[in-house]
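Following our numbering, the numbering of the sequence shown begins with 1 at its first residue and continues without gaps.
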Amino acid sequence: MSHGEHPSATLIRRGVEAFRRGDAAWIRQHVVDDIIWHVGGSTPLSGIYRGKDEVLDFMSREREGMAAVNAEMEIGDVLANDDHVVLLGTMSADLPDGRRTRSKYVQVFHVSDEKVHQVWEAEMWRMVES
Numbered sequence: 001m002s003h004g005e006h007p008s009a010t011l012i013r014r015g016v017e018a019f020r021r022g023d024a025a026w027i028r029q030h031v032v033d034d035i036i037w038h039v040g041g042s043t044p045l046s047g048i049y050r051g052k053d054e055v056l057d058f059m060s061r062e063r064e065g066m067a068a069v070n071a072e073m074e075i076g077d078v079l080a081n082d083d084h085v086v087l088l089g090t091m092s093a094d095l096p097d098g099r100r101t102r103s104k105y106v107q108v109f110h111v112s113d114e115k116v117h118q119v120w121e122a123e124m125w126r127m128v129e130s
């Protein structure tokens, strides 16, 4: 986090850290009851999750899946104003054949009153490293 960072950017950075720790209590406190989380693509986790319980269940399954493939998340840029935060990141993971894959992703968060109301996320591209 840089000096003078927008409070909404700080909120999302702290949310990513809470996700990494598996801190469901922190996440539950910082999302609205009727949160909607959109996951693009055609993976088993793609879809729309509504409400805290569905979102936390999705996050739990995502963390389990990430652990199974030795996945790592890197936060790139976090751009924020009073209403939105855009997070640009990189994800890397092991493939069954021993190679590693890297992908770029984007998440757009709708925020107000220090809580997340809606999230849109999508993978932008994927590259397999030899």
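Built from N, CA and C at the ideal position, the CB exists for glycine as well.
Endpoints, alpha helix (DSSP H) assigned at residue i
i: Arg63; result: 51–68
i: Ser28; result: First, the residue type needs correcting, since residue 28 is Arg and not Ser in the sequence shown. Looking at the DSSP string, the run of the alpha helix (DSSP H) that includes Arg28 is 24–29.
Neighbour flag for residue i against chain C, beta carbons, 8 Å
i: Asp113; result: The chain inventory of the structure shown lacks chain C, comprising one protein chain alone.
DSSP three-state assignment for residue i, whether helix, strand or coil
i: Gly5; result: The amino acid occupying residue 5 in the given sequence is Glu; Gly does not appear at that position. Glu5: coil per DSSP, three-state reduction.
i: Arg99; result: coil
i: Ala71; result: coil
i: Glu114; result: coil
i: Thr43; result: coil
Proximity below 8 Å, CB of residue i to CB of residue j
i: Arg99; j: Val128; result: yes
i: Lys115; j: His38; result: no
i: Met66; j: Ile27; result: no
i: Val106; j: Met124; result: yes
i: Ala24; j: Leu56; result: yes
i: Ala122; j: Gly51; result: no
Residue range of the beta strand (DSSP E) that includes residue i
i: Asp94; result: 84–94
*Are three or more beta carbon pairs between the segment 64–79 and the segment 7–21 nearer than 8 Å?*
In this structure the segment 64–79 touches the segment 7–21; the number of beta carbon pairs closer than 8 Å is three or more.
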